[in-house]
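S.K.: Starting off with a structure, shown below.
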Amino acid sequence: MRVNISNALSLLRAGELVGIPTETVYGLAADALNPTAVVKIFEAKNRPAFNPLICHLASADAVFGFGKANPLSERLAEFWPGPLTLLLKHENRIPSIVTSGSEYCAFRVPAHKTALELLASTGPLAAPSANKSGQVSPVRAEMVERAFGPDFPVIDGGPCEVGIESTICLAEKHGVRILRSGSITIEEIAGKGIPILEKQAENAAVLAPGQALSHYAPAVPLVLLEEHVPPAEPMNSLGETPNPAWASRWRDAGTDPARIAALDFHLPLPIDARIRFNLSEQGNLREAARNLFFYFDLPGASDIQMLVAATVPDQGIGRAINDRLRRAATHTGRIENGRLLILERA
Ligand code: TXA
Ligand code: MG
216 MRVNISNALS LLRAGELVGI PTETVYGLAA DALNPTAVVK IFEAKNRPAF
266 NPLICHLASA DAVFGFGKAN PLSERLAEFW PGPLTLLLKH ENRIPSIVTS
316 GSEYCAFRVP AHKTALELLA STGPLAAPSA NKSGQVSPVR AEMVERAFGP
366 DFPVIDGGPC EVGIESTICL AEKHGVRILR SGSITIEEIA GKGIPILEKQ
416 AENAAVLAPG QALSHYAPAV PLVLLEEHVP PAEPMNSLGE TPNPAWASRW
466 RDAGTDPARI AALDFHLPLP IDARIRFNLS EQGNLREAAR NLFFYFDLPG
516 ASDIQMLVAA TVPDQGIGRA INDRLRRAAT HTGRIENGRL LILERA
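Start counting the sequence shown at 216; every next residue gets the next number (the numbering used here).
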């Protein structure tokens, strides 16, 4: 159900949830200072309580009223309003249900006119992506209604301009750790002369707990053609694969091409498919990011049984696209003589 800003304000003040547009993906918003309202987010999404929420505010000044600044976080705040989330130490003004009890709270100032107009009249809004836990993040108002029902209140802000979630950063003394790749790229951060610190696997899960969960289940199984998967072992001079055990792990996907949708990028994938979605015919990674989640969700309404995609160039926002593709993939695939093979899980 579409609502306007003043309806949304009344609902939020009454402790209810509202779907809100941002430049990245739609959020499921509640008044962050009202724990009873925030509980409803976890219930609606079926989200585990250990997975904390991002607080959205109207300006960097407003954020630093809740979270503690340090020199590098202030530099990163120059990306606001924009698709960057900062983890800041906070002084317990944000209820622990929002932060899952962490000493850090995640903050973001979204670059979306309607979201900023709303935030001008509210305090912090806790808002995860407006999907059920484990599903694809919504990039249009109708995707939010599909997830939570036609009567669920949503402000329609049109298709999301970015289409992929924000980059989550932790500013440390000597550099920035990127805990979730997103639309603000490593190149852009490094371009400000800010050192990028290597991700430490053991902290990363603690610092961005949501990243440890499997994610982004598309409407139908997704086969990811990975160039980095070792190809079949080299054939001998007779054209046989020396290790039959290895080869036998690959099986024919057995799906009728009429029921396959190819997620092409730039050039078509070498596979027979009735439906083709091109992430970007021009090979533009920003355009691909904008289309990705919309295409993940499309086959739900058709007789398509399988999506086939390949990774895109691993640069700029392409890194975030590849991260989402890998999290969404249900199978690893390769193409042999025009046939789609998928790898049996070991
Ligand atoms: O673009 C976005 O970031 C969107 C829009 C709506 O702003 N929001 C979003 O929220 O993607 P969500 O909840 O789907 O993802 C937030 C991620 C989760 O992986 C969560 O674990 C992490 O941020 N996070 C949130 N608060 C945190 C905290 N205090 N410490 C560590 N990680 C945190
Ligand atoms: Mg999410």
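Every residue gets a Cβ at the ideal spot worked out from N, C-alpha and C, and that includes glycine.
1. In chain order, what residues of the same chain lie with their CB nearer than 8 Å to the CB of V438, ignoring the 5 residues before and after it?
2. Counting only C-beta atoms, is A277 closer than 8 Å to chain C at any point?
3. In chain order, what are the residue ranges of uninterrupted alpha helix (DSSP H) at least 4 long that sit wholly in the region 245 to 304?
4. Mind checking N219: buried by the 16 CB within 10 Å criterion, or exposed?
5. Helix, strand or coil for Y241 per DSSP?
6. Comparing alpha-carbon positions, which option in E559, P325, A341 lies nearest R464?
7. Should E306 be counted as a contact of the ligand MG given a C-beta to heavy atom distance under 7 Å?
8. What's the gap between the Cα of A223 and the Cα of D246?
9. If the criterion is Cβ atoms closer than 8 Å, does the pair L331 and A273 meet it?
10. Taking C-alpha atoms, which residue in R466, A386, H271, A476 lies nearest to H327?
11. Do I550 and I486 come within 8 Å of each other at the CB atom, strictly closer than that value?
12. Which residues bound the alpha helix (DSSP H) around D529?
13. On the DSSP bridge assignment, give the partners of C320 in chain order.
14. For P296, which residues of its own chain have a beta-carbon under 7 Å away from its beta-carbon, when the five flanking residues on both sides are left out?
15. Which term fits E238, buried or exposed, when burial requires 16 or more other beta carbons within 10 angstroms of its beta carbon?
16. Is any heavy atom of the ligand TXA found at a distance shorter than 7 Å from the C-beta of Q350?
17. Can you give the Cα-Cα distance for L243 and F294, rounded to whole angstroms?
18. Using C-beta distances below 7 Å, list every residue in its chain close to S317, excluding the 5 sequence neighbours before and after it, in chain order.
19. For P472, tell me which candidate among L299, G553, L303 has the shortest Cα-Cα distance.
20. Taking the alpha-carbon positions, what's the E306 to D366 distance?
21. Which of the three DSSP states is assigned to N499 in this structure?
M.R.: Inspection of the coordinates gives the following:
1. A468, M521, L522, V523, A524, A544, T545, H546, T547, G548, L555, I557
2. The structure shown contains no chain C, having only a single protein chain.
3. 250 to 260, 275 to 279, 286 to 291
4. exposed
5. coil
6. E559
7. no
8. 11 Å
9. yes
10. H271
11. yes
12. From DSSP, D529 is part of no alpha helix (DSSP H); its letter is neither H nor E.
13. L303
14. V324, P325, A326, L331
15. buried
16. no
17. 23 Å
18. P267
19. G553
20. 37 Å
21. coil
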